[in-house]
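Chemist:
Protein chains: 2
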Amino acid sequence: MRTPTVVPATVTPVASMPERVTIYEVGPRDGLQNEKALVPTEVKAEFVRRLLAAGLPVVEATSFVHPRWVPQLADAAELMGLLGAAGRDCPVLVPNERGLDRALELGVRHIAIFGSATETFAQKNLNRSLDEQFAMFEPTVRRAREHGLDVRAYVSMCFGDPWEGPVPVAQVVEVGKRLFDLGASQLSLGDTIGVGTAGHVSALVRAFVEAGMGTDQLAMHFHDTYGQALANTYAALQSGITTYDASAGGLGGCPYAKSATGNLATEDLVWMLRGLGIETGVELEEVAAASVWMAGHLGRPSPSAVVRALAPASAGDAAGGAAQSGA
Amino acid sequence: MRTPTVVPATVTPVASMPERVTIYEVGPRDGLQNEKALVPTEVKAEFVRRLLAAGLPVVEATSFVHPRWVPQLADAAELMGLLGAAGRDCPVLVPNERGLDRALELGVRHIAIFGSATETFAQKNLNRSLDEQFAMFEPTVRRAREHGLDVRAYVSMCFGDPWEGPVPVAQVVEVGKRLFDLGASQLSLGDTIGVGTAGHVSALVRAFVEAGMGTDQLAMHFHDTYGQALANTYAALQSGITTYDASAGGLGGCPYAKSATGNLATEDLVWMLRGLGIETGVELEEVAAASVWMAGHLGRPSPSAVVRALAPASAGDAAGGAAQSGA
């Protein structure tokens, strides 16, 4: 069977699901920092504008990490300048106080910090122990809060860690609790290597709730490395989670690269939510168009299933389905 | 973050899920019939043998459809001959009485027929009306049953149809009921174009159960065209379905081809089931190895996320994760 013209998914309201969820768009930051191509700053700005215009309520714009580590986002200040007022509500990633200083100068109102749920990844990514990361975050978060900024805390390796294997839920809850104690207003629980499965998701959310934290303080950040991102999202929806990170067009992941982070594609998420009758305020076709446009700049197709399926068929695909094929 | 070495998914037993499911492997038939490359018969035979050796309990081997429609499977009889005793329990697709005659000659014990849930696809695929398809199946199923054969009935377009749009669940239940009445022992409910979402799956299964059919008589056949296949599987598991069609390595779907059917990859399914603590009897690494081997014969990488993630990293990926990257 060839892929047909667009068919709207049947809207089937499902009991005990949220009526509305917030998609936290990470494509311009988490996506582009993992792409090899260096994208011109004006293209990044236009990408952010198109995502906002498509109805995405939160678009993380860039990262004030040192260019030595992430050369792809070395133009963070320039990008924020280009975005102007449109970028004022866009969160930016801030690794430390120096990054915070730059964000404050530019009038940023929402920042995100990036912590680890495991000892080994804290060492590898932050060159600090698990305990030391909190000491590093403390002045950044305190000063951000003093300036009235909102602080989101990413927690990486919440399900599995390449060096430590499966990560105990109690350990993730402990790390999360310490980040809330520092002053974070939201956690983004990341399955950084994509190994988690649906039952694990339910167990992790349950552990947070049992420890006194609310589902409204938690976001889920799934990677599709092992194809599990949407199934995990469905389990999280059933657990009452209402904020999901996703990357337009699946930016940051390439189907054929081992280095793929495999971010959940915004379009694939919106397709499912639309089918479940859950509101997002996002115009699917507009996000997909922005992703196709960005894919053109990156010089390769989008890894999002929905983006590929919605794209106009090429001439070679114009023939009808095979007769009697059992396709 | 680069993809790490294999990390076993955490086994988290989930209440109200089946303890065991049957994976019905469709790669050699549904997968290969949608691949452009013509695969030598001996390679197909070896593929079936490897899948059986990997613990897959049911492997649909081929189709006795007319070679004019599916030239890829024109070697059906030769394949069954090569498989010998190993192929005796492998189901084969049989479109009509002529196909049944060939299957009977070869000692086949399980056949599958291929019906449509919609009027338009019945016309396009079978050149018959929805009603006429039952008349066409009747003598095939009756004679198969008289010979003691088991008959599975595929039902295509159970969620959406490229020409008719969303398909009412009542219509699918009615078609399914008529196929049971003819003598089918199992239905495989296909989301042929991959547009279905999780709530729709729950609603469809509920409708079958309310109409008096058991979840043990139903199999789900999801396509990943819009990225929904595993989320839909998770919903079906919660509805009590215990048989799932899947294609080793995602055969039959190519990430960058509009003509992709996007079969759910067996490996991605097994990964989730393993994480949920649901037994399948399937050795994940062995299926993945068979898929990599077949991908070599097809001359392109497997579209399965798990197959790609499990593949050894190339030299270019040997570097560690980026420091302080917020990956």
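Chains B and S are the protein sequences, given in the same order.
Under the numbering used here, the first residue of the first sequence carries the number 1332, and numbering increases by one thereafter.
Under the numbering used here, the first residue of the second sequence carries the number 1332, and numbering increases by one thereafter.
C-beta atoms are modelled at their ideal positions from N, C-alpha and C, and glycine is treated no differently.
Grouping DSSP H, G and I as helix and E and B as strand, with all else coil, what is S:Thr1336?
Modeler: With a pLDDT of 45 at S:Thr1336, under the threshold of 50, the predicted position of this residue should be treated as unreliable, and no value is reported.
Chemist: Do the region 1612 to 1632 of chain B and the region 1546 to 1559 of chain S meet, that is, are 3 or more Cβ pairs less than 8 angstroms apart?
Modeler: In short, these stretches do not touch, since the Cβ pair count stays below three.
Chemist: Can you grab the Cα-Cα spacing for the pair B:Glu1617 / B:Leu1387, in whole Å?
Modeler: Distance between the alpha carbons of B:Glu1617 and B:Leu1387 is about 10 angstroms.
Chemist: Give a yes or no on contact between the region 1561 to 1572 of chain S and the region 1520 to 1537 of chain S, applying the rule of three or more CB pairs nearer than 8 angstroms.
Modeler: Because the criterion of three Cβ pairs below 8 angstroms is met, the region 1561 to 1572 of chain S and the region 1520 to 1537 of chain S touch.
Chemist: Tell me, to the nearest whole angstrom, how far the beta carbon of B:Ser1394 is from that of B:Val1423; I am working on the premise that it is less than 8 angstroms.
Modeler: That belief holds up - the Cβ atoms of B:Ser1394 and B:Val1423 are roughly 6 angstroms apart, short of 8 angstroms.
Chemist: Considering B:Gln1502, what are the terminal residues of the alpha helix (DSSP H) in which it resides?
Modeler: Looking at the DSSP string, the run of the alpha helix (DSSP H) that includes B:Gln1502 is 1500 to 1513.
Chemist: Can you tell me whether B:Pro1335 is buried or exposed? The criterion is at least 16 other CB atoms within 10 Å of its CB, across all chains shown.
Modeler: Per-residue confidence for B:Pro1335 stands at a pLDDT of 42, beneath the threshold of 50, marking its modelled position as unreliable; no derived number is given.
Chemist: Can you give the beta carbon distance from B:Glu1610 to B:Arg1440, rounded, assuming they're within the 8 angstroms contact cut?
Modeler: With a Cβ gap of about 25 angstroms, B:Glu1610 and B:Arg1440 do not count as contacting.
Chemist: What's the call for S:Arg1399, buried or exposed, on a 16-neighbour Cβ count within 10 Å?
Modeler: By the 10 Å Cβ count, S:Arg1399 comes out exposed.
Chemist: Fully enclosed by the region 1432 to 1504 of chain B, which beta strand (DSSP E) runs are 3 residues long or longer?
Modeler: Whole beta strand (DSSP E) segments, 3+ residues: 1441 to 1447, 1481 to 1487.
Chemist: Can you tell me the Cα-Cα spacing of B:Leu1369 and S:Glu1356, whole angstroms?
Modeler: Taking the straight line joining both Cα atoms gives about 42 angstroms.
Chemist: By how many angstroms is the C-alpha of S:Ser1519 removed from the C-alpha of S:Asp1576?
Modeler: Whole-angstrom Cα-Cα distance: 8 angstroms.
Chemist: Of the choices B:Thr1597, B:Gly1606, B:Leu1607, whose alpha-carbon is the least far from that of B:Ala1385?
Modeler: Answer by Cα proximity: B:Thr1597.
Chemist: Check distances from the C-beta atoms of the region 1617 to 1641 of chain S to those of chain B and list, in chain order, the residues that come in under 8 angstroms.
Modeler: Listed by position, the residues of the region 1617 to 1641 of chain S near chain B (Cβ gap below 8 angstroms) are Pro1632, Pro1634, Ser1635, Ala1636, Val1637, Arg1639, Ala1640.
Chemist: Exposed or buried, which one is B:Asp1492 when buried takes at least 16 other CB atoms within 10 Å?
Modeler: That one is buried.
Chemist: Judging by CA-CA distance, which residue of B:Gly1514, B:Thr1449, B:Glu1477 is the nearest neighbour of B:Pro1499?
Modeler: Of B:Gly1514, B:Thr1449, B:Glu1477, the residue nearest in Cα terms is B:Thr1449.
Chemist: Taking the straight line between their C-alpha atoms, what separation do you get for B:Leu1604 and S:Ala1534?
Modeler: Each residue's Cα considered, the two are about 16 angstroms apart.
Chemist: Look at B:Ala1417 and B:Tyr1485 and say whether their C-beta atoms are less than 8 angstroms apart.
Modeler: No. Outside cutoff.
Chemist: Which term fits B:Ala1588, buried or exposed, when burial requires 16 or more other beta carbons within 10 angstroms of its beta carbon?
Modeler: Model confidence at B:Ala1588 stands at a pLDDT of 47, short of 50, so the residue's coordinates are unreliable and nothing is read from them.
Chemist: Considering only DSSP beta bridges, list what B:Phe1539 is partnered with.
Modeler: Looking at the DSSP assignment, B:Phe1539 forms no beta bridge with any residue, so it has no partner.
Chemist: Taking the alpha-carbon of B:Ala1620 as reference, which of B:Thr1353, B:Pro1497, B:Leu1383, B:Gly1479 has the nearest alpha-carbon?
Modeler: Checked all of B:Thr1353, B:Pro1497, B:Leu1383, B:Gly1479; the closest Cα to B:Ala1620 is B:Leu1383.
Chemist: What residues from chain S crowd round B:Tyr1575, counting only those whose CB sits closer than 7 angstroms?
Modeler: Per Cβ cutoff of 7 angstroms: no residues; B:Tyr1575 is ~13 angstroms from chain S at best.
Chemist: Using a Cβ-Cβ cutoff of less than 8 angstroms, which residues in the same chain neighbour S:Thr1573 once the five nearest sequence positions on both sides are dropped?
Modeler: Cβ neighbours of S:Thr1573 beyond the five flanking positions: Pro1349, Arg1351, Val1352, Thr1353, Thr1546, Asp1547.
Chemist: Should B:Tyr1355 be flagged as near chain S, meaning a C-beta pair shorter than 8 angstroms?
Modeler: It does not; no Cβ of chain S falls within 8 angstroms.
Chemist: Given a threshold of 16 other Cβ atoms within 10 Å of its Cβ, counted over all protein chains shown, does S:Gly1580 qualify as buried or as exposed?
Modeler: Buried, since its Cβ has 16 or more Cβ neighbours within 10 Å.
Chemist: How many Å lie between S:Val1374 and S:Ser1487 at the Cα?
Modeler: Roughly 28 angstroms separates the two Cα atoms.
Chemist: Give the secondary structure of B:Asn1427 by DSSP, where H, G and I count as helix, E and B as strand, and everything else as coil.
Modeler: Note: B:Asn1427 maps to coil in three-state DSSP.
Chemist: How is S:Val1396 classed by DSSP in three states: helix, strand or coil?
Modeler: In the structure shown, S:Val1396 sits in coil (DSSP, three-state: anything other than H, G, I, E or B).
Chemist: Can you list, in chain order, the residues of its chain with a C-beta nearer than 6 angstroms to that of B:Gln1364? Leave out the 5 residues immediately preceding and following it.
Modeler: The residues are Val1401, Gln1403, Leu1404.
Chemist: How close, in whole Å, do the beta carbons of S:Gln1517 and S:Arg1473 come, if the pair is a contact with beta carbons under 8 angstroms?
Modeler: No, S:Gln1517 and S:Arg1473 are not in contact; Cβ-Cβ is about 17 angstroms, not under 8 angstroms.
Chemist: Just to confirm my understanding: we take B:Phe1490, look at its own chain, exclude 5 residues before and 5 after, and list those with CB closer than 7 angstroms. What are they?
Modeler: Around B:Phe1490: Val1498, Asp1522, Val1526, Gly1527, His1531.
Chemist: Any beta carbon of chain B sitting closer than 8 angstroms to that of S:Asp1462?
Modeler: No, S:Asp1462 does not count as interfacial toward chain B.
Chemist: Cβ of B:Leu1607 less than 8 angstroms from any chain S Cβ?
Modeler: Output row for B:Leu1607: interface = yes.
Chemist: In whole angstroms, what separates the C-alpha of B:Ala1408 from that of B:Arg1433?
Modeler: Their backbone Cα atoms lie some 8 angstroms apart in a straight line.
Chemist: What residue range is occupied by the uninterrupted beta strand (DSSP E) comprising B:Glu1610?
Modeler: Taken as a continuous stretch (DSSP letters only), B:Glu1610 belongs to no beta strand (DSSP E), as it is neither H nor E.
Chemist: At the 8 angstroms Cβ level, is B:His1531 part of the contact set with chain S, yes or no?
Modeler: Closer than 8 angstroms to some Cβ of chain S, the Cβ of B:His1531 qualifies, so yes.
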